[in-house]
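Asker: Here it is, the structure in full.
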Amino acid sequence: MKSGNSRATRPAIPAQISSTGLVIEGTSSGQLLLGFLDSVLRGIGQVMLQGNSYAGLLFLIGIFYNSMLFGWAVLLGTAASTATAVLLDVNRSHVQAGLFGFNGALVAIALLYFLEPSILAWGYVVLAAACTTVVMAALLHLLGAWKIPALTAPFVFTTLCFVLATARFGRLHSTGVLPTAGLPKAATVEGIVTASTVVEGLLTGLAQVFFQGNAITGIFFAVGLLISSRVACVAAFLGSFVGLLVAWGMGAAEPAIRAGAFGFNSVLTAIALGSEFFVLNGASAAYGTVAVVTTAVVFAAMSAALEPLGMPALTSPFVLVVWLFLLASPFFQRLRARTNT
Amino acid sequence: MKSGNSRATRPAIPAQISSTGLVIEGTSSGQLLLGFLDSVLRGIGQVMLQGNSYAGLLFLIGIFYNSMLFGWAVLLGTAASTATAVLLDVNRSHVQAGLFGFNGALVAIALLYFLEPSILAWGYVVLAAACTTVVMAALLHLLGAWKIPALTAPFVFTTLCFVLATARFGRLHSTGVLPTAGLPKAATVEGIVTASTVVEGLLTGLAQVFFQGNAITGIFFAVGLLISSRVACVAAFLGSFVGLLVAWGMGAAEPAIRAGAFGFNSVLTAIALGSEFFVLNGASAAYGTVAVVTTAVVFAAMSAALEPLGMPALTSPFVLVVWLFLLASPFFQRLRARTNT
Amino acid sequence: MKSGNSRATRPAIPAQISSTGLVIEGTSSGQLLLGFLDSVLRGIGQVMLQGNSYAGLLFLIGIFYNSMLFGWAVLLGTAASTATAVLLDVNRSHVQAGLFGFNGALVAIALLYFLEPSILAWGYVVLAAACTTVVMAALLHLLGAWKIPALTAPFVFTTLCFVLATARFGRLHSTGVLPTAGLPKAATVEGIVTASTVVEGLLTGLAQVFFQGNAITGIFFAVGLLISSRVACVAAFLGSFVGLLVAWGMGAAEPAIRAGAFGFNSVLTAIALGSEFFVLNGASAAYGTVAVVTTAVVFAAMSAALEPLGMPALTSPFVLVVWLFLLASPFFQRLRARTNT
Chain A
54 MKSGNSRATR PAIPAQISST GLVIEGTSSG QLLLGFLDSV LRGIGQVMLQ
104 GNSYAGLLFL IGIFYNSMLF GWAVLLGTAA STATAVLLDV NRSHVQAGLF
154 GFNGALVAIA LLYFLEPSIL AWGYVVLAAA CTTVVMAALL HLLGAWKIPA
204 LTAPFVFTTL CFVLATARFG RLHSTGVLPT AGLPKAATVE GIVTASTVVE
254 GLLTGLAQVF FQGNAITGIF FAVGLLISSR VACVAAFLGS FVGLLVAWGM
304 GAAEPAIRAG AFGFNSVLTA IALGSEFFVL NGASAAYGTV AVVTTAVVFA
354 AMSAALEPLG MPALTSPFVL VVWLFLLASP FFQRLRARTN T
Chain B
54 MKSGNSRATR PAIPAQISST GLVIEGTSSG QLLLGFLDSV LRGIGQVMLQ
104 GNSYAGLLFL IGIFYNSMLF GWAVLLGTAA STATAVLLDV NRSHVQAGLF
154 GFNGALVAIA LLYFLEPSIL AWGYVVLAAA CTTVVMAALL HLLGAWKIPA
204 LTAPFVFTTL CFVLATARFG RLHSTGVLPT AGLPKAATVE GIVTASTVVE
254 GLLTGLAQVF FQGNAITGIF FAVGLLISSR VACVAAFLGS FVGLLVAWGM
304 GAAEPAIRAG AFGFNSVLTA IALGSEFFVL NGASAAYGTV AVVTTAVVFA
354 AMSAALEPLG MPALTSPFVL VVWLFLLASP FFQRLRARTN T
Chain C
54 MKSGNSRATR PAIPAQISST GLVIEGTSSG QLLLGFLDSV LRGIGQVMLQ
104 GNSYAGLLFL IGIFYNSMLF GWAVLLGTAA STATAVLLDV NRSHVQAGLF
154 GFNGALVAIA LLYFLEPSIL AWGYVVLAAA CTTVVMAALL HLLGAWKIPA
204 LTAPFVFTTL CFVLATARFG RLHSTGVLPT AGLPKAATVE GIVTASTVVE
254 GLLTGLAQVF FQGNAITGIF FAVGLLISSR VACVAAFLGS FVGLLVAWGM
304 GAAEPAIRAG AFGFNSVLTA IALGSEFFVL NGASAAYGTV AVVTTAVVFA
354 AMSAALEPLG MPALTSPFVL VVWLFLLASP FFQRLRARTN T
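Residue numbers (the numbering used here), protein chains in the order written: chain A, 54 to 394; chain B, 54 to 394; chain C, 54 to 394.
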């Protein structure tokens with residue numbers, strides 16, 4: 054997502070040869086197909102802010118390991134949103150970097166997680182993925198005024214709309230895993246956190262970035278991150294750990310901690326603030342830590358706020374916190390923005 | 054709404070002689086009254102994005118045909134919001150184009166639809182209409198940075214506030230047509246769509262733009278549109294039809310389809326994207342169609358999202374979708390913006 | 054909050070000698086401590102838009118008069134958010150004006166009003182206060198594009214998040230004074246408004262700006278305002294009175310009127326629009342009055358809107374209305390902005 058903050062008219066990413074060598078300037082249909090495939094893999098990688106097709110491939114394998122359905126969903130969603138961008142003639146370098154793919158990837162998983170698969174549902178997924186491309190462009194334009202990236206906001210917005218809408222559409226059926234609509238009420242401490250909770254929660258925190266509740270999938274993701282950036286990999290684990298610690302300390306329910314519910318937003322915040330946007334120094338490390346802690350609190354808040362609608366928080370806490378901490382950063386003279394060259 | 058995107062300091066609409074010849078530069082009280090009347094009629098026309106006083110007159114007749122109460126409400130609301138703009142000395146060309154009238158028109162209908170008429174209620178309507186003028190100016194300023202229009206957002210925002218507030222005000226009584234507050238739940242297919250559903254739904258889809266559930270009123274509106282712009286009239290029918298088709302295909306309830314509930318937002322999106330903001334070509338037609346389909350989905354989503362508050366979606370889906378599709382458009386090189394001369 | 058609209062890079066407030074003489078340029082630890090204390094007192098003053106440490110002191114005494122707990126909470130919250138700003142090296146003149154203190158003051162009172170005090174709760178308050186500093190900086194950056202101030206939005210946003218989050222955190226317990234989550238329903242007129250309702254409501258309207266339901270505390274606040282600005286003091290009383298009148302006329306419940314529930318947001322709107330942002334003339338007085346009336350309506354609306362979450366409206370009506378009325382003002386040629394010199 055390195056170039057998420059560029060303006061429409063002056064893209065920050067120069068057209069590049071792919072790190073995997075897949076993008077070869079050329080016009081034969083084979084070359085175009087390879088180029089498209091590379092954009093799709095990078096799009097999957099961008100879910101964790103890595104415009105790297107090897108990382109994307111590892112993430113994809115991790116998802117297929119957990120579920121064939123979600124694996125195909127990710128491929129379809131990323132392809133649909135990327136193809137929409139190609140059809141609409143978006144600046145090529147944006148597409149190549151995968152910036153028009155990652156929201157489509159996530160929206161496809163989320164919709165097929167919440168809706169029974171049917172032909173209508175798959176069509177609904179394609180429409181939603183195409184919409185993320187429009188919302189992405191809209192947010193790049195909107196947020197360009199402050200030079201902050203869109204992150205996964207298009208995914209959050211589109212998914213909430215398309216899932217909420219099914220409350221009026223009798224031919225789309227939910228899978229029963231949606232939270233039941235209800236009014237928020239006081240929590241009690243539930244279950245006991247053990248070493249196995251911590252180990253499993255740490256890995257599922259990574260896996261839940263793609264909504265996969267599977268620790269092994271988390272290991273695939275970690276390897277993918279490691280290939281792309283060692284700093285991002287370390288940041289991801291620290292984020293997952295801090296999110297887990299906050300939840301534990303505050304008395305969140307053990308099953309939620311084990312499932313990585315308090316981890317995945319913190320993972321994304323940690324990667325973004327720890328490895329993407331600031332030069333790493335004492336101030337930025339402290340700033341990032343406060344952001345990661347806050348992300349866990351905002352996750353609890355957003356999931357309570359959406360309870361009357363029976364909707365999940367998705368990655369809205371990550372988006373909100375990173376937007377706020379990036380918007381605020383020019384005021385803080387000890388923080389230095391990373392310039393992407 | 055051609056000049057909705059102009060900046061406060063540099064209005065896009067030059068002062069013009071009215072198409073109906075009503076605005077004659079002059080200062081006699083008779084001339085001023087005629088000028089004001091023309092602004093009010095154009096304000097009513099702007100509800101469907103037509104700054105044309107004949108269109109406004111036809112819309113007004115259509116409303117009176119359905120209900121005397123709503124007819125007077127529209128006149129009062131449009132006059133109150135326009136007069137507020139005059140009193141506050143807004144740039145004259147904005148007022149003449151009806152830009153400070155259409156939100157007042159809608160807020161007055163909506164409040165008198167949901168509240169029992171009483172002296173207090175009529176006073177409440179005048180205050181609300183005056184507020185739409187302030188909200189309109191605020192949004193023109195806010196959105197001017199991206200050159201996108203305010204659309205009916207002032208109406209949506211003001212109506213939601215003023216209706217929600219009655220939950221604390223014991224002297225204002227609701228009419229019982231507000232949706233009951235509840236938690237969203239799964240839908241089932243309800244009723245069978247027949248040819249009569251389609252014909253009636255197509256026309257009520259137009260009529261519901263002013264919240265009139267009456268097919269004949271829809272015919273008056275169509276004639277008004279035809280006088281102002283043939284393209285807008287065709288776009289309106291296509292919008293109503295596509296909204297209806299989406300609702301039908303997805304399994305929405307037959308009574309809602311017949312009543313035009315899934316139509317009116319799509320009608321507005323179709324007029325805006327089909328006849329106002331883009332040069333019509335293959336790309337813009339496809340783009341507009343996706344937007345119209347998405348509007349029907351967002352309508353379902355917004356009406357579910359507002360269910361715990363017992364509030365209706367009003368025209369919020371139209372506003373959201375058109376904002377997103379306009380904001381996104383500079384990224385898509387096949388779309389060309391219409392320049393209004 | 055005179056400099057709330059300044060940009061990060063070009064602060065509007067030149068470094069000044071404090072009105073209380075506490076800020077002496079110097080580097081001895083005693084001088085630094087006195088300077089910090091002055092910033093904290095001004096921060097408390099800024100809750101009512103007075104960057105005046107005497108006013109802050111009077112406000113603090115008024116709070117201690119009502120409750121030792123809230124007195125200490127205000128001191129801790131203001132100190133924590135101000136210290137965060139100092140640690141992050143925010144432009145010194147902003148910190149000295151108290152701009153990074155007032156949201157911390159309010160968040161600390163609100164959290165300790167809603168949560169049982171415990172060591173964890175006090176730590177939670179410190180984290181929340183630190184977060185208001187980040188949110189404040191983010192909003193200064195975001196809103197700088199339109200030159201409008203952040204007001205108490207950081208407090209509202211942070212408090213809603215941190216209170217909502219406790220629905221997932223079993224080790225933080227609410228005090229039982231939170232509104233019960235429920236669905237909004239029609240109101241009936243409740244109780245009879247008497248002279249004692251009016252007198253008490255007028256004063257508690259002021260006191261509720263700091264969430265203190267105590268008329269004597271309101272008197273302390275009035276004296277503090279009087280020391281800082283006679284116009285602000287008069288505006289505050291008029292605001293409280295108009296808010297009360299609107300509530301009474303619309304049929305709000307008598308206990309809510311007596312408790313000042315409809316007053317405190319109107320007090321803040323009146324101070325902001327009556328004494329801070331516009332040159333006082335006929336147009337701005339009328340504009341301000343409409344804003345104050347609207348604030349009472351928006352308070353009713355926001356408190357109904359937040360009912361399904363069981364959350365209070367806090368000062369969100371003040372923030373929303375003042376933002377809208379400031380954003381709109383450049384369109385209205387009879388209003389003249391005050392330039393702060």
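Backbone N, C-alpha and C define an ideal beta-carbon position, used for all residues, glycine too.
Taking 7 Å as the threshold (C-beta atoms), are G229 of chain C and G316 of chain C in contact?
Answerer: No, Cβ-Cβ distance for G316 of chain C and G229 of chain C is not below 7 Å.
Asker: Using a Cβ-Cβ cut-off of 7 Å, state whether T347 of chain C counts as contacting chain B.
Answerer: Chain B, which has a Cβ nearer than 7 Å to the Cβ of T347 of chain C, makes this yes.
Asker: Mind listing, in chain order, the continuous alpha helix (DSSP H) runs of no fewer than 4 residues lying wholly within the segment 102–147 of chain B?
Answerer: DSSP runs (the alpha helix (DSSP H)) wholly in the segment 102–147 of chain B: 106–119, 121–140.
Asker: According to the neighbour-count rule (16 or more other Cβ atoms, all chains shown, within 10 Å of its Cβ), is A390 of chain C buried or exposed?
Answerer: So A390 of chain C ends up on the exposed side.
Asker: Closest to V262 of chain C by CA distance: which of C:P170, C:S337, C:T250, C:L204 is it?
Answerer: Here the closest residue by C-alpha is C:L204.
Asker: Nearest-angstrom Cα distance between A381 of chain B and T185 of chain A?
Answerer: The alpha-carbon atoms of A381 of chain B and T185 of chain A are separated by roughly 11 Å.
Asker: On the DSSP bridge list, what partners appear for F331 of chain A?
Answerer: A:A390, per the DSSP bridge assignment.
Asker: At what residues does the alpha helix (DSSP H) containing M364 of chain B begin and finish?
Answerer: Careful: M364 of chain B lies outside any alpha helix (DSSP H) and carries neither H nor E.
Asker: Grab the span of the alpha helix (DSSP H) containing V287 of chain C for me, first residue to last.
Answerer: It spans 283–303 - the alpha helix (DSSP H) in which V287 of chain C sits, taken as one unbroken run.
Asker: For L291 of chain A, which residues of its own chain have a beta-carbon under 6 Å away from its beta-carbon, when the five flanking residues on both sides are left out?
Answerer: Only A323 meet the Cβ criterion.
Asker: Check each candidate in B:F155, B:L193, B:N334, B:L359 and name the one with the smallest Cα separation from L236 of chain C.
Answerer: Of the listed residues, the one whose Cα sits closest to L236 of chain C is B:L359.
Asker: Return the chain-ordered list of same chain residues with a C-beta closer than 7 Å to the C-beta of P207 of chain C, the five sequence neighbours on each side being excluded.
Answerer: Only N156, T185, V188, M189, L192 meet the Cβ criterion.
Asker: Where F264 of chain A and T219 of chain C are concerned, what is the direct C-alpha to C-alpha distance, given to the nearest angstrom?
Answerer: Approximately 24 Å between the Cα atoms of the pair.
Asker: Could you work out which residues of chain C lie near G304 of chain A, taking near to mean beta carbons separated by less than 8 Å?
Answerer: In chain order: F222, G223, R224, L225.
Asker: Leaving out the 5 sequence neighbours to the left and right, which residues in its chain are closer than 7 Å to V346 of chain B when beta-carbon positions are compared?
Answerer: The residues are V295, V299.
Asker: The segment 350–379 of chain A: which residues have C-beta closer than 7 Å to a C-beta of chain C, in chain order?
Answerer: From the segment 350–379 of chain A, only V350, V351, A353, A354, S356, A357, A358, P361, L377, F378 have a Cβ closer than 7 Å to chain C.
Asker: For chain C, find out if any of its Cβ atoms is closer than 7 Å to the Cβ of P237 of chain A; answer yes or no.
Answerer: It does; some Cβ of chain C falls within 7 Å.
Asker: Give the straight-line distance between the Cα atoms of N105 of chain B and A163 of chain B, rounded to the nearest whole angstrom.
Answerer: Approximately 23 Å, taken between the alpha carbons.
Asker: Using a Cβ-Cβ cut-off of less than 9 Å, list which residues of the segment 155–189 of chain A approach chain B; keep chain order.
Answerer: The residues in question are L173, Y177, L180, A181, A183, C184, T186, V187, V188, M189.
Asker: Take A260 of chain A as the anchor and find which of A:A198, A:G130, A:A312 has the nearest alpha-carbon.
Answerer: Ranking A:A198, A:G130, A:A312 by Cα distance to A260 of chain A puts A:A312 first.
Asker: For A240 of chain C, decide whether its Cβ has a neighbour in chain B, counting only Cβ atoms nearer than 7 Å.
Answerer: Cβ-Cβ to chain B under 7 Å: yes for A240 of chain C.
Asker: Who are the near neighbours of I201 of chain C in its chain, counting only those whose CB is closer than 7 Å to its CB and skipping five residues on each side?
Answerer: Here the set comprises N58, W376, L379, L380.
Asker: Under 7 Å, Cβ to Cβ, is there at least one residue of chain B near F208 of chain C?
Answerer: Not one chain B Cβ lies under 7 Å of F208 of chain C.
Asker: In three-state terms, what does DSSP make of L168 of chain A?
Answerer: Note: L168 of chain A maps to strand in three-state DSSP.
Asker: Name, in chain order, the residues that DSSP records as bridge partners for S82 of chain C.
Answerer: In the DSSP output, where bridge partners are listed per residue, S82 of chain C has none listed.
Asker: Hey, could you find the ends of the alpha helix (DSSP H) G316 of chain A is sitting in?
Answerer: Taken as a continuous stretch (DSSP letters only), G316 of chain A belongs to no alpha helix (DSSP H), as it is neither H nor E.
Asker: Buried or exposed, going by whether 16 or more other CB atoms sit within 10 Å of the CB of G396 of chain A?
Answerer: Lying before the first or after the last residue shown, residue 396 of chain A is absent from chain A, which here runs from 54 to 394.
Asker: Could you work out which residues of chain B lie near L195 of chain A, taking near to mean beta carbons separated by less than 7 Å?
Answerer: Within 7 Å Cβ-Cβ: W199, L380.
Asker: Inspect the beta-carbon positions of T250 of chain A and E169 of chain A and report whether they are closer than 7 Å.
Answerer: No.
Asker: Would you report the Cα separation of I172 of chain B and E253 of chain C, rounded to the nearest angstrom?
Answerer: For I172 of chain B and E253 of chain C, the distance between alpha carbons rounds to 29 Å.
Asker: To the nearest angstrom, how far is the alpha carbon of L279 of chain C from that of N318 of chain B?
Answerer: Near 52 Å, if we compare the C-alpha coordinates of N318 of chain B and L279 of chain C.
Asker: For the candidate residues A:L85, A:T211, A:Q99, whose alpha-carbon lies nearest to that of S369 of chain A?
Answerer: Closest option to S369 of chain A, Cα to Cα, is A:T211.
Asker: Sort C:G335, C:A357, C:G327, C:F352 by Cα distance to G101 of chain C and report the nearest one.
Answerer: It is worth fixing the name first, because residue 101 of chain C is Met in this sequence and not Gly. Nearest option by C-alpha distance: C:G327.
Asker: Can you find the residues in the same chain that come closer than 7 Å, C-beta to C-beta, to N119 of chain C, ignoring five residues on each side of it along the sequence?
Answerer: So the qualifying residues of the chain are Q265, N267, T270.
Asker: Check the Cβ of F385 of chain B against every Cβ in chain A and list those closer than 8 Å, keeping chain order.
Answerer: Neighbours of F385 of chain B on chain A, chain order: L141, D142, V143, A190.
Asker: Considering just the uninterrupted stretch of the alpha helix (DSSP H) at F385 of chain A, what are its terminal residues?
Answerer: F385 of chain A -> no alpha helix (DSSP H), and no H or E assigned at all.
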